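Here the structure comes first, spelled out in structure tokens, and everything after it is commentary.
In this note's numbering, the protein residues as written are 15 to 112.
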């Protein structure tokens, strides 16, 4: 008699665990779907550097004000394979457009 109760309880616990895991996975799937719908592809604009341009001045001009300027500078350096922040007049770089 006791064995029947413990087997039944064990099955109930396993069923509860499976249902909990399924619900958790459903929430994760919904969250991921919602978070990716709002994202749009990044468009890059080629700009030619003029005398006196700096990465900071370019970021001030092209930043959407939501991105941290330091992060945008880092992204511009990464996209353009820049080792430092020195820009030369006539140089062409890609800048993300928002």
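We put the CB at the ideal spot given by N, CA and C, even for glycine. Bear in mind the structure is a predicted one, so any value in this text is a computation, not a measurement.
Who are the Cβ neighbours of residue i in its own chain at under 7 Å, not counting the five residues just before and after it?
{"i": "residue 64", "result": "103"}
Considering only the alpha carbon of each residue, which of the options lies closest to residue i?
{"i": "residue 99", "options": "78, 73, 58, 57", "result": "73"}
{"i": "residue 101", "options": "35, 66, 37", "result": "66"}
{"i": "residue 96", "options": "68, 75, 24", "result": "68"}
{"i": "residue 56", "options": "40, 89, 70", "result": "89"}
{"i": "residue 70", "options": "60, 61, 28, 84", "result": "84"}
Spatial neighbours of residue i within its chain, please: C-beta separation below 6 Å, excluding the five flanking residues on both sides.
{"i": "residue 86", "result": "73, 77"}
{"i": "residue 45", "result": "none"}
With a threshold of 8 Å between beta-carbons, can residue i be considered close to chain B, or not?
{"i": "residue 109", "result": "The question asks about chain B, but that chain is absent: this structure has only one protein chain."}
Going by beta carbon distance, what residues of the same chain come within less than 8 Å of residue i, once the five residues before and after it are set aside?
{"i": "residue 58", "result": "93, 108, 109, 110, 111"}
Looking at the strands, I want to know which residues DSSP matches up with residue i.
{"i": "residue 111", "result": "57"}
{"i": "residue 47", "result": "Bridge partners of residue 47: none, in fact."}
{"i": "residue 106", "result": "62"}
Under three-state DSSP, which class holds residue i?
{"i": "residue 25", "result": "helix"}
{"i": "residue 75", "result": "helix"}
{"i": "residue 80", "result": "coil"}
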